[in-house]
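Residue numbers (the working numbering), protein chains in the order written: chain A, 1 to 316; chain B, 1001 to 1078.
To keep things clear, I will list the structure first and then write my remarks on it.
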């Protein structure tokens, strides 16, 4: 239904349908509503689902579970538990205080921003289910394995002293009864908050995609970000660390790089690094972690992403 | 007079919450004492796991996200 609509729109404009501009516009008019509709739907449903997985409930769920399995659980819960980077610290302390092991806490903290419904929906809508699926599986793997390694390193003493001295708390959940209406409300709220914030990045991403669709020859990036360039992946990861944006903000860049022939593994490594590792987040975490633990966290996750990048490039 | 504290490390949502509470109080002619707590150690003494959180008369009444207008009014009337 969207394809004819976009054709009609382009036909109304004073451009040739067969020209570069015409085909770019058709692509833009078709892709924009498609991506935005899909995102709105998913964000709405996730907003409702999110209301079941409050941080308190997730914490109660994780405390007392044995490591290993708990890492898997924590990373998976990271997808559905609502999370904003400004809540990272209270969440971190809340988990540790309730006796959730440090490594498990990290699994959650790595997965929550990196693997989320916005990132997955956008990857699916713009690059297909294979890319989205691989991102999901590999993102979770990075979170699970990194958290597990950090747990094995037993770095509890590198928490700031005041955090270690906080009284232990029981992980309890106030069972507030949430009515269906309230869940619907929270769905609408998420749509307003998330779609209201990210639509501009999505437009930019699609516009770039449309522009390339119509004009730029492919393989432009292939010479320096292609599969055969071994140093491209580490470079992408390192370049991503100081950059910080949410999943939607990085999509235009991903779109541009991919369309010009950069290798998928390299680009996804870049995306994970931008979202998962960020300088501002380190600064915030410094309030509760000593430098050594932060450095360990960054190196372990960066290595994980590096491996993901190489695996992707090798497989595809 | 209601004693209200907003707990948050200074993100945009926290600022919006402070402003909203001020607005609603003014609109309803309620006198409040509003404090913003940004120090993470102090925030953690309230046992909240998501911010912004709102404390009314030393009781946590809200956590995680901007509260709705109706919710804020209900604190004033309690």
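C-beta: ideal position from N, C-alpha, C; glycine also.
| Check | Outcome |
| --- | --- |
| 8 Å Cβ cutoff met for residue 49 of chain A and residue 80 of chain A | yes |
| Neighbour-count burial assignment, residue 161 of chain A, 16 or more Cβ in a 10 Å radius | exposed |
| Contact with chain B by residue 278 of chain A, beta-carbon distance below 8 Å | no |
| Segment limits, alpha helix (DSSP H) that includes residue 74 of chain A | 69-80 |
| For residue 91 of chain A, three-class secondary structure by DSSP | helix |
| Test: residue 1048 of chain B CB closer than 8 Å to a CB of chain A | yes |
| Alpha carbon of residue 1016 of chain B to alpha carbon of residue 8 of chain A, nearest angstrom | 43 Å |
| Contacting residues, own chain, Cβ-Cβ under 8 Å from residue 156 of chain A (five flanking each side not counted) | 102, 164 |
| Length of the line joining the Cα atoms of residue 123 of chain A and residue 308 of chain A | 16 Å |
| CA nearest to the CA of residue 200 of chain A, picked from A/166, A/36, A/228, A/6 | A/36 |
| Classification of residue 52 of chain A by the beta-carbon crowding that lies within 10 angstroms, buried from 16 upward | exposed |
| Extent of the continuous alpha helix (DSSP H) run through residue 1054 of chain B | Careful: residue 1054 of chain B lies outside any alpha helix (DSSP H), inside the beta strand (DSSP E) at 1053-1056. |
| Sub-8 Å separation of residue 69 of chain A and residue 210 of chain A beta-carbons | no |
| CB contact flag (residue 126 of chain A, residue 205 of chain A, <8 Å) | yes |
| Rounded Cβ spacing between residue 142 of chain A and residue 304 of chain A (contact assumed at less than 8 Å) | 4 Å |
| Test item: CB-CB of residue 1024 of chain B and residue 1066 of chain B under 8 Å | no |
| Unbroken stretches of the beta strand (DSSP E), 3 residues or longer, contained in the segment 1003-1046 of chain B | 1032-1037 |
| Between the CA atoms of residue 237 of chain A and residue 302 of chain A - distance to the nearest angstrom | 7 Å |
| Chain-ordered neighbours of residue 1016 of chain B on chain A, where CB pairs are closer than 9 Å | Chain A residues near residue 1016 of chain B: none, gap ~11 Å exceeds 9 Å. |
| For residue 166 of chain A and residue 1044 of chain B, believed in contact at Cβ under 8 Å, the rounded distance | 7 Å |
| C-beta atoms of residue 60 of chain A and residue 108 of chain A nearer than 8 Å | no |
| At least three beta-carbon pairs within less than 8 Å, the segment 242-256 of chain A to the segment 292-299 of chain A | no |
| Partners in chain B for residue 91 of chain A, counting only beta-carbon separations shorter than 7 Å | 1049, 1050 |
| Residues bridged to residue 159 of chain A [DSSP beta-bridge criterion] | A/289 |
| C-beta contact flag for residue 240 of chain A and residue 312 of chain A at 8 Å | no |
| Min CB distance residue 339 of chain A to chain B below 8 Å | Nothing about residue 339 of chain A can be read from this structure; chain A reaches only from 1 to 316. |
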